[in-house]
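In what follows, a structure is listed as structure tokens, so that the remarks can point back to it.
2 protein chains.
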Amino acid sequence: MHQRIGIIDLGSNTTRLILMAYQPHLCFKLIDEVSETVRLAEGASDDGLLQPLPMKRSIEALKMFYTLCRAADVQQIVAVATSALREAANQYDFLAQLKQQTELDLRILSGEEEAYYGYLGVINSLPFTDGIVVDIGGGSTEVTAVRGRAISVASSQPVGVVRLTERFVQSDPISKKDFRALEQAVAATFAELDWLKPDVGPTMAGLGGTVRNLARIDQKLRNYPLDRLHGYIFTREALDDIVELLRRSTLRERESLPGLNRERADVILAGAMILRQLMYQGDFPQLMVSGQGLREGLFYEYFLTGQPLPLFADKRAFSVRNLALISNYEALHASKVRELSLMLFDQLQSLHNYGQWEREMLDYAAMLHDIGVQVGYYDHHKHSAYLVFNSALQGFTHREVVLLAMLTRYHRKGSVDVSTYRVILQEDDEERIARLSAMLRIAEYLERSKSQVIHSLRVECDADMVKVYVQAVGDATVEVWDANRRTRLFKRAFGKDIEILM
Amino acid sequence: MHQRIGIIDLGSNTTRLILMAYQPHLCFKLIDEVSETVRLAEGASDDGLLQPLPMKRSIEALKMFYTLCRAADVQQIVAVATSALREAANQYDFLAQLKQQTELDLRILSGEEEAYYGYLGVINSLPFTDGIVVDIGGGSTEVTAVRGRAISVASSQPVGVVRLTERFVQSDPISKKDFRALEQAVAATFAELDWLKPDVGPTMAGLGGTVRNLARIDQKLRNYPLDRLHGYIFTREALDDIVELLRRSTLRERESLPGLNRERADVILAGAMILRQLMYQGDFPQLMVSGQGLREGLFYEYFLTGQPLPLFADKRAFSVRNLALISNYEALHASKVRELSLMLFDQLQSLHNYGQWEREMLDYAAMLHDIGVQVGYYDHHKHSAYLVFNSALQGFTHREVVLLAMLTRYHRKGSVDVSTYRVILQEDDEERIARLSAMLRIAEYLERSKSQVIHSLRVECDADMVKVYVQAVGDATVEVWDANRRTRLFKRAFGKDIEILM
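The listed protein sequences correspond, in order, to chains A and B.
Residues 1 to 502 (my numbering) make up the first sequence, in order.
Residues 503 to 1004 (my numbering) make up the second sequence, in order.
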């Protein structure tokens, strides 16, 4: 991965830099990240005239980001600005000052472009093909309708958390009157979006700091078992509860609210109100959180260079391979384990009756089963699960992430216990995990010496016994010996004995 | 690391293989491990005549290990056997059969050699210089006195868990009579060790599967917060409780006892009785568990090749560097962060009054602070802590491991919270961790662009303010800017404001 790119995004509340190392179309990895709450929109007048101090703070931060990019030897810097600058009467002043102090070329995105890049980030990283994408920012809110992975309507409203807060949140805790005014202003802003109806698509996806912070508050309140935001789903009822909590608490109380970044403690209520308005107006019962957005969308344009529309053909398969690659996986071994797992899966079809989805999960888990070895050989099945949980896997629900992590966890040792993740899983998932990992475990030990000696297998099932006959291209005694030592999980999961024979 | 070695150890209960990749004197890493409960000593007569079935099982396992070594392209295989074979009247039969079926050269260790390699494993990996090393095996028990890192007395008694169990555990749960007989036999066996007194040295260290399993049972009973055995300390009172538990439970109950490997469920009580006898006889109130032993001791002889006695000059420093190296750390960045951390530590001496020990911990944490980046940049401070907790760090107590992990955890973000580890830490450790990680955090951000621009710093303290003047060899604006954004932890930990100035 010898290409490096820096992506800078100057918002109305925050400015951020991400640094990516990548090889186009093949693999990528985040290598650095910085953010600074610059509040560029602070005190801006109705025609968006930016104030000297916020401008100075923002230029200062951009200078730092630029220096960091140079120090990291990036070949490319992509810097964009959104609503604060877009609407500023004095945007040329700002650009001139910036030009004087750095060599940054700042591209001012239109509302449609901002919506587009947010959409690219979401569509490439969430299990999402149809629905509404909402991006709540400091100075504007983008609402985009997506049908069959393509944008059908995009809108950008010049209403964001910074200006809403300045205008309506004058009291602490907020007074009834202020709250009412805020609620009405938000409702009026989005009234014209008459296409925001549930028939647009089943899912509402949200991105941006406001959404991430609200989701984190919800996770803390619920004691959610994963430390993972991307793909998290929270309900409108949960949002109602958080709005009540924020409404009743003082700024000081909010500053120590678990999950909330203290620099957002002042503006979070306004953000929550925007989100709530959109969920009720469109009658969406829940929101799926995206950890990716504008910056990642911009990145994908460079990463998937040459494509007219930078969408992954198969984001899940891509990202599983990406994780395997950046974890230095052993490709030959993983391929063989995949192959043997799927042979077992297919030939045991009548025992488990699972479909394409389970087959796909088993396939991905086989690809990733050993990535924990980079942490250390001892207990590496546990490390693989840790890496899956903490990865940037794209296109999976949390239930699927838990499933993949648990399959890697149980690929070589242990009796399945998924009680920690009960709230994320469905009732029959424990059995599903036991059965799939039982097959993965047999496949793993049939590749015990990592020499790809077994080229095929044939399964014979009768009432209480499964016999697996293997065909090898060399000496497979270790494989057969060790696979036969690891059948306990299979016996429990399927209620049948199993024997591996040459 | 292009050298690979396989170490095989054929015991009376278990046979094991470890595969190591290494570069002599520089770094090493475990790359594979297998074990099989072969019970070679099963049914052996008083003169140690091995039975055909146990011999067959053992040879079968050794053949598998040999095949695995060949598949892994090891240059060297070191295979040793201990008491079962040492004492067997038919040891030549066994060796002849083995020779027929593999090319393994099996070296039969004397009791003294067995004690020596166990001692090498312990002395190179635990915080231990004086005391008693106990190795409880299937067929023998080695007790070794160590003074100033050297062996002063070594003894090997032909009493191990397999034969003791066969002889005394006839009832289930064990009858009072059998228990008494077991207790008396064990006491009689070690009666001659009249040098086993507390004045030998303060610590008793234990190795082998029995000790590891007893410790794991204790950890489960106590809900111990670390999933780490090496360096774990358990008390004689805890051992008494476990003996009572084992004594009262049936084999079936023991088979599902949390922490206990079910293949040891039959022999564990006999093992516990040996350990208890030695702890009482020598009046040792607690035992420190070693995860390393005979196999690692044999490995160190190859790893530290050329040394008359294969001991690390400084095991802690070696193993911190080893962990950094196998985690592909950025050496220049880590060195600079170490240097700046220690400059801060030294110049803030009057504020914290810490000594050499804390300085050493800060130094090691600075070396390891970024190893989590290999997992992923996002939240890499948490990954660093995970890697430290799951590493094979040598020579540290659990308190020190928690300290190192927490310093890496807080090196860039977050307010210190160590409540999870309260039972391992001392009362003032939370403050200690906050202060040391506050210094580490300032140092980290003074190396923000990883360009080593700051070459020295000068600290000025007055009643409520610390000023840090940095001297740079290039543009250090990013460093000073970012370090000044990260002072909250320092302010809280030291109760003083801090400012970084150029």
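Don't be surprised by glycine CBs; every beta carbon is placed ideally from N, CA and C.
In this text, all values refer to a predicted model and were calculated from it rather than measured experimentally.
Nearest neighbour of residue i, chosen from the options [CA to CA]
i, options, result
"Ser-537(B)", "Phe-530(B), Leu-570(B) and Tyr-804(B)", "Leu-570(B)"
"Tyr-734(B)", "Val-580(B), Thr-910(B) and Val-904(B)", "Val-904(B)"
"Arg-914(B)", "Gln-896(B), Arg-934(B), Ile-944(B) and Val-920(B)", "Ile-944(B)"
"Lys-699(B)", "Lys-722(B), Val-791(B) and Phe-786(B)", "Phe-786(B)"
"Val-576(B)", "Arg-764(B), Ala-826(B), Gly-808(B) and Met-503(B)", "Met-503(B)"
"Ser-456(A)", "Asp-464(A), Arg-448(A), Asp-462(A) and Val-468(A)", "Val-468(A)"
"Glu-694(B)", "Leu-723(B), Ser-657(B) and Tyr-726(B)", "Ser-657(B)"
"Gln-783(B)", "Arg-754(B), Leu-800(B), Asp-701(B) and Arg-818(B)", "Asp-701(B)"
"Thr-14(A)", "Leu-30(A), Arg-4(A), Glu-60(A) and Asp-46(A)", "Glu-60(A)"
"Leu-304(A)", "Pro-24(A), Val-134(A) and Ser-12(A)", "Pro-24(A)"
"Glu-142(A)", "Thr-189(A), Gln-100(A), Val-453(A) and Arg-107(A)", "Thr-189(A)"
"Gly-916(B)", "Val-890(B), Thr-922(B), Asp-881(B) and Tyr-923(B)", "Asp-881(B)"
"Gln-659(B)", "Glu-616(B), Ser-627(B) and Gln-686(B)", "Glu-616(B)"
"Pro-704(B)", "Lys-722(B), Gly-976(B) and Leu-789(B)", "Leu-789(B)"
"Val-968(B)", "Lys-993(B), Asp-984(B) and Val-980(B)", "Lys-993(B)"
"Thr-667(B)", "Glu-981(B), Asp-768(B) and Leu-1003(B)", "Asp-768(B)"
"Arg-541(B)", "Met-775(B), Ser-514(B) and Leu-942(B)", "Ser-514(B)"
"Glu-444(A)", "Asn-223(A), Leu-342(A), Leu-309(A) and Tyr-421(A)", "Leu-342(A)"
Coil, strand or helix - residue i by DSSP
i, result
"Leu-53(A)", "helix"
"Val-470(A)", "strand"
"Ile-676(B)", "coil"
"Lys-531(B)", "strand"
"His-883(B)", "helix"
"Gln-101(A)", "helix"
"Ala-689(B)", "helix"
"Val-671(B)", "coil"
"Asp-241(A)", "helix"
"Gly-633(B)", "strand"
"Val-957(B)", "Per the sequence shown, residue 957(B) should be read as His rather than Val. Note: His-957(B) maps to strand in three-state DSSP."
"Arg-4(A)", "strand"
"Val-38(A)", "coil"
"Ser-415(A)", "coil"
"Leu-512(B)", "strand"
Anticipated Cβ contact below 8 angstroms, residue i with residue j, distance rounded
i, j, result
"Ile-382(A)", "Arg-409(A)", "A quick correction: the sequence has Lys, not Ile, at residue 382(A). Yes, they are in contact, since the Cβ atoms of Lys-382(A) and Arg-409(A) sit about 6 angstroms apart, within 8 angstroms."
"Asn-824(B)", "Ile-770(B)", "33 angstroms between Cβ atoms; not a contact."
"Gly-139(A)", "Thr-210(A)", "The pair is not a contact, with the Cβ atoms about 12 angstroms apart (cut-off 8 angstroms)."
"Leu-257(A)", "Ile-217(A)", "6 angstroms"
"Gly-37(A)", "Leu-62(A)", "The sequence shown places Thr at residue 37(A), not Gly. The pair is not a contact, with the Cβ atoms about 14 angstroms apart (cut-off 8 angstroms)."
"Met-869(B)", "Ala-826(B)", "5 angstroms"
"Ser-886(B)", "Gly-874(B)", "3 angstroms"
"Ser-290(A)", "Leu-239(A)", "With 8 angstroms as the limit, Ser-290(A) and Leu-239(A) do not qualify as a contact, their Cβ atoms being about 16 angstroms apart."
"His-333(A)", "Glu-447(A)", "6 angstroms"
"Tyr-377(A)", "Glu-535(B)", "6 angstroms"
Close-in-space but distant-in-sequence residues of the same chain around residue i (CB under 6 angstroms, 5 per side omitted)
i, result
"Ala-493(A)", "Ala-434, Arg-435 and Ala-438"
"Phe-567(B)", "Ile-510 and Leu-519"
"Arg-861(B)", "Phe-847"
"Gly-897(B)", "Pro-629, Lys-817 and Arg-818"
"Ala-88(A)", "Gly-48 and Leu-50"
"Ser-152(A)", "Ala-145"
"Arg-86(A)", "Ile-108"
"Ile-500(A)", "Val-468, Val-480, Ala-483 and Asn-484"
Same chain only: Cβ atoms within 7 angstroms of residue i, ignoring 5 sequence neighbours per side
i, result
"Ile-123(A)", "Val-146, Arg-149 and Leu-311"
"Glu-544(B)", "Gln-553, Pro-556 and Val-664"
8 angstroms CB neighbourhood of residue i in its chain, flanking five on each side removed
i, result
"His-398(A)", "Leu-226, Arg-228, Gly-231, Tyr-232, Ile-233 and Ile-424"
"Leu-533(B)", "Checking the sequence shown, residue 533(B) turns out to be Ile, not Leu. Closer than 8 angstroms at Cβ, skipping near neighbours: Arg-506, Leu-521, Met-522, Ala-523 and Ala-574."
"Asp-178(A)", "Phe-168, Val-169, Gln-170 and Ser-171"
"Val-320(A)", "Tyr-364, Met-367, Leu-368 and Leu-393"
Does the structure place the stretch 668-681 of chain B close enough to the stretch 748-763 of chain B that three or more beta carbon pairs sit under 8 angstroms?
yes
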